[in-house]
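So in my numbering, the last spot in the sequence shown is 186, and the numbers never skip.
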Amino acid sequence: MEPKFRIKDLFSAYSDQELPMEGGYIITSFFDQNSSYTRYEVIAYNNVKDIYATEEGIVFKADGKKIYILVEPVSYTHKQIEPCYRDDAHKIPYRFKELDEHRTKRQDRIYIAKEPVETYTAFTVLNETGMNNSYVCYPVEDIADLMEKFFQKALNQNSNVPRADAKTVSVTIKALFKKLQLPVY
Numbered sequence: 002m003e004p005k006f007r008i009k010d011l012f013s014a015y016s017d018q019e020l021p022m023e024g025g026y027i028i029t030s031f032f033d034q035n036s037s038y039t040r041y042e043v044i045a046y047n048n049v050k051d052i053y054a055t056e057e058g059i060v061f062k063a064d065g066k067k068i069y070i071l072v073e074p075v076s077y078t079h080k081q082i083e084p085c086y087r088d089d090a091h092k093i094p095y096r097f098k099e100l101d102e103h104r105t106k107r108q109d110r111i112y113i114a115k116e117p118v119e120t121y122t123a124f125t126v127l128n129e130t131g132m133n134n135s136y137v138c139y140p141v142e143d144i145a146d147l148m149e150k151f152f153q154k155a156l157n158q159n160s161n162v163p164r165a166d167a168k169t170v171s172v173t174i175k176a177l178f179k180k181l182q183l184p185v186y
């Protein structure tokens, strides 16, 4: 059965009791308030045992795989520090050798994980603060195409990545996303 929508704000879906319990995808965007530095986290989850809210966010008692995308503007002053050793607001769980790098025409860098990170038993999606937001994507037939379009638009409009670079990078993200794909129910 096709869901009524393919993508929805995660916290609205939770309060409306519309989270896919058989599995789905979560996209969370973390924006730096002073630059275009952006971290994107994409989670594919399944084997759901429970989903509940806490003060910090929504806890998923489920298995998951995560991929990360990092947009690093040319003005970022700590670019020599491995992403896994940066402060919490700028950290992703990868070293440079575990990331593909794309340099935009403005010399900004976009790092894309080469492989997903596995999560077992539980993970928490933090409450939305500032410009940060989270979406749930329902497992539909064309989910990889949906991800490509989402990132093409988000990278360009939210992270100030030039349109041509956003298009190129979103194709790479789509290929990586296929390693996360769940069966469509």
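Beta carbons are placed, not taken as given, at the ideal position from N, Cα and C, and that holds for glycine.
(message) Using only the alpha-carbon positions, how far apart do glycine 58 and valine 126 sit?
(response) 6 Å
(request) Just mark glutamate 42 as buried or exposed, buried being the case when its beta carbon has 16 or more other beta carbons within 10 Å. (result) buried
(message) Does the stretch 93-107 come into contact with the stretch 135-148, if we say contact requires no fewer than three beta-carbon pairs (one atom in each stretch) closer than 8 Å?
(response) no
(message) As an exercise, report each continuous beta strand (DSSP E) stretch of at least 3 residues that is fully enclosed by the stretch 115-167, in chain order.
(response) 118-120, 124-127 and 134-138
(message) Using a 10 Å radius around the Cβ and a threshold of 16 neighbouring Cβ atoms, would you call valine 185 buried or exposed?
(response) Summary for valine 185: the model assigns pLDDT 49, below 50, so the residue's position carries little reliability; its value from the coordinates is reported in the next sentence. By the 10 Å Cβ count, valine 185 comes out exposed.
(message) I'd like the list of long-range same chain contacts for threonine 39, defined as Cβ closer than 6 Å, with 5 residues on each side in sequence excluded.
(response) Phe32, Val72 and Ser160
(request) Report the rounded CA-to-CA distance for phenylalanine 12 versus valine 141, giving the unit in angstroms. (result) 20 Å
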